[in-house]
Amino acid sequence: LTNATEDRSHFGAWAITSSPLILGFDLTNKELMERAWPIITNKEVLGVSQTWAGHPGFNVLDEVTYKAWQKPLGERQHALFIMSNASMPISVSIPLGMVSPDLNASGISVKARNIYAHADLGPLPGGTFDTQLQPHDSVMVTLWPELETVRAQ
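Numbering (the UniProt record's numbering), first residue to last: 1 to 153.
Structure representation (structure tokens):
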């Protein structure tokens, strides 16, 4: 692949589908190894790849400019991977109900974590996961419902 963005997208696509993760480049090439190292050692992405909760991950949206996959991780947690096929920046909005009914029930708040950036994103408003992607870039997040606390009156 031509750059780190495409390397990360390629690795993420293999990881979300629980495919064998094989390094297909010259491991003695220092430049390539330095570029790939942060991608191939991301413990959160590796965790998504290695977790088995009954399904290896599957395509939930197949649009012209992007593809989206989800993978159940157990305990009502899901991974979502979105990859841009576009040659220009794009905005993507994924309805959480397409990822899982667990994430679309009434009375819940959905929390998210960007596992590429190792950053919590907080509650998602509006029942969607929204992101912007650069050409051929991707994002991988974990999503889980957090039951809202009902105040006693």
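C-beta: ideal position from N, C-alpha, C; glycine also. These numbers were taken from a predicted model, which means no experiment stands behind them.
Terminal residues of the continuous beta strand (DSSP E) containing phenylalanine 11? Mapped onto the sequence shown, residue 11 falls at position 11. Careful: phenylalanine 11 lies outside any beta strand (DSSP E), inside the alpha helix (DSSP H) at 4-16.
Does the separation of the CB atoms of valine 92 and threonine 41 fall below 8 angstroms? For the purposes of this step, residue 92 is taken as residue 92 along the sequence shown, with counting starting at 1. For the purposes of this step, residue 41 is taken as residue 41 along the sequence shown, with counting starting at 1. No.
Taking only three categories from DSSP, how would you classify leucine 133? In the sequence shown, counting from the first residue as 1, residue 133 sits at position 133. DSSP places leucine 133 in strand when its eight states are reduced to three.
Determine, using beta carbons only, whether methionine 83 and serine 9 come nearer to each other than 8 angstroms. The residue given as residue 83 occupies position 83 in the sequence shown. The residue given as residue 9 occupies position 9 in the sequence shown. In this structure, serine 9 lies closer than 8 angstroms to methionine 83 by Cβ.
Around the C-beta of isoleucine 145, are 16 or more other C-beta atoms found within 10 angstroms, so that it is buried, or is it exposed? What you label residue 145 is simply residue 145 of the sequence shown in a count that begins at 1. Residue 145 is actually proline in this sequence, not isoleucine. So proline 145 counts as buried.
If you draw a straight line from the C-alpha of glutamate 34 to the C-alpha of leucine 133, how long is it? Translated into the one-based positions of the sequence shown, residue 34 becomes position 34. Translated into the one-based positions of the sequence shown, residue 133 becomes position 133. Glutamate 34 and leucine 133: Cα-Cα distance of roughly 24 angstroms.
If we call anything under 8 angstroms between Cβ atoms a contact, is isoleucine 94 one with alanine 68? Taking the sequence shown and counting its residues from 1, the one referred to as residue 94 is at position 94. Taking the sequence shown and counting its residues from 1, the one referred to as residue 68 is at position 68. Their beta carbons are under 8 angstroms apart, which means isoleucine 94 touches alanine 68 by this criterion.
Continuous alpha helix (DSSP H) assignments of at least 4 residues falling wholly in the stretch 77-142: The qualifying runs are 96-99.
What's the gap between the Cα of aspartate 26 and the Cα of asparagine 104? Residue numbering aside, residue 26 sits at position 26 when the sequence shown is read from its first letter. Residue numbering aside, residue 104 sits at position 104 when the sequence shown is read from its first letter. One C-alpha to the other measures close to 44 angstroms.
Quick one: what does DSSP say glycine 47 is sitting in, helix, strand or coil? Stepping through the sequence shown from its first residue, residue 47 is reached at position 47. DSSP, read as helix, strand or coil, puts glycine 47 in helix.
Return the chain-ordered list of same chain residues with a C-beta closer than 8 angstroms to the C-beta of valine 99, the five sequence neighbours on each side being excluded. If you number the sequence shown from 1, residue 99 lands on position 99. Closer than 8 angstroms at the Cβ level, and outside the excluded window around valine 99, lie Val60, Gln70, His78, Leu80, Phe129 and Leu143.
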